[in-house]
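K.L.:
In the working numbering, each residue's number is its place in the sequence shown (first place is 1) plus 898. Each residue gets a CB set at the ideal place from its N, CA and C atoms; glycine is no exception.
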Amino acid sequence: MVDNIHFQYNGVLLGLLLWSILMLEEQRYVLAGALFALLLNMKHLFAYLGPAYFVFLLRHYVLDGSSSSSNGSSSSSGSSSSGSSSSSGGWAGMLRRLVLLGGVVVAICGVSFGPFVAMGQMGQVLSRLFPFARGLCHAYWAPNAWALYSFADKLAAAATAAAGLRQPSAMPAANMAGGVVGCGMQAGDGSLCY
């Protein structure tokens, strides 16, 4: 219980991800897309999987379309390389599947973001989902590429201050996200901001 509260219900989120992957395997592509859209609206950390889902669903559901998304049967045939356009209804079938899958995803996102759009608060939501003003290391503290990025950012901030291109007082001393990238919001003068 404590783990799920502290880590923002990661068990539920990973369950949705696994359920979505299971639906991909069972060739229930519309349900898989709906579950992934729901997962993505619950926590945007899973956005990195979006391109893989998009390409997979485009290839296996929209363009191929040899299996139905509404049945639960899982065919044991490996791949359908020939005749997929004739068995899938041609261009009209592809367009129909694209509109169906896109409609389900847009409907889920509409339910999730619709109230914010109606109240004119979408800019506020986006700034909180992607807080670039606080620096890229604010929520991504993992000791890998982000640590190297943080070091390079601090090094660039110190080098620009030493070269006289930036006031040293504009650099917060104990803030790991306060290098060159965050200078526009922190320094206020906009010098050398990226």
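According to the neighbour-count rule (16 or more other Cβ atoms, all chains shown, within 10 Å of its Cβ), is G990 buried or exposed?
P.N.:
It is Ala, not Gly, that sits at residue 990 in the sequence shown. Classification for A990: exposed.
K.L.:
Going by beta carbon distance, what residues of the same chain come within less than 6 Å of Y946, once the five residues before and after it are set aside?
P.N.:
Same-chain partners within the cutoff: there are none.
K.L.:
Evaluate contact between the stretch 908 to 919 and the stretch 935 to 944, counting only Cβ atoms and requiring at least three cross-stretch pairs below 8 Å.
P.N.:
Verdict: yes, contact present.
K.L.:
Is it right to say A950 is buried, meaning 16 or more other beta carbons lie within 10 angstroms of its own, or is it exposed?
P.N.:
Result: exposed.
K.L.:
Can you give me the C-alpha to C-alpha distance between L993 and S1010, rounded to a whole angstrom?
P.N.:
Spanning the two alpha carbons is a distance of roughly 25 Å.
K.L.:
State the Cα-Cα distance for the pair G1012 and L922, rounded to the nearest angstrom.
P.N.:
Going from the Cα of G1012 to the Cα of L922 covers about 28 Å.
K.L.:
Nearest by alpha-carbon distance to R957: which of L999, G913 and L1063 is it?
P.N.:
Out of L999, G913 and L1063, L999 has the C-alpha closest to the C-alpha of R957.
K.L.:
To the nearest whole angstrom, what separates the beta carbons of R926 and G963, a pair I think is in contact under 8 Å?
P.N.:
Not a contact, Cβ separation roughly 13 Å.
K.L.:
Note down, in chain order, each residue of its chain lying with its Cβ closer than 6 Å to the Cβ of F1014, except the 5 sequence neighbours on either side.
P.N.:
Cβ neighbours of F1014 beyond the five flanking positions: M1020 and V1023.
K.L.:
What's the C-alpha gap between G959 and F944?
P.N.:
It is Tyr, not Gly, that sits at residue 959 in the sequence shown. Each residue's alpha carbon lies about 21 Å from the other.
K.L.:
Mark A852 as exposed unless 16 or more other C-beta atoms lie within 10 angstroms of its C-beta, in which case mark it buried.
P.N.:
Outside the displayed range of the chain (899 to 1092) lies residue 852, so it cannot be described from this structure.
K.L.:
Between the alpha carbons of G909 and V928, how many angstroms are there, rounded?
P.N.:
Rounded to whole angstroms, G909 to V928 spans 23 Å at the Cα level.
K.L.:
What number of angstroms, rounded off, separates the C-alpha of L955 from the C-alpha of E924?
P.N.:
Distance between the alpha carbons of L955 and E924 is about 13 Å.
K.L.:
Which word fits L933, buried or exposed, when buried means at least 16 other C-beta atoms lie within 10 angstroms of its C-beta?
P.N.:
Label assigned to L933: buried.
K.L.:
In whole angstroms, give me the CA-to-CA distance for G1018 and L1053.
P.N.:
Whole-angstrom Cα-Cα distance: 39 Å.
K.L.:
Looking at the unbroken alpha helix (DSSP H) that takes in M940, where does it start and where does it end?
P.N.:
Element bounds for M940: Y927 to M940.
K.L.:
Cα separation between A1016 and G1008?
P.N.:
If I take the Cα positions, the gap works out to 11 Å.
K.L.:
Quick one: what's got a C-beta closer than 8 Å to G987's C-beta in the same chain, skipping five residues either side?
P.N.:
Hits under 8 Å: G963 and R994.
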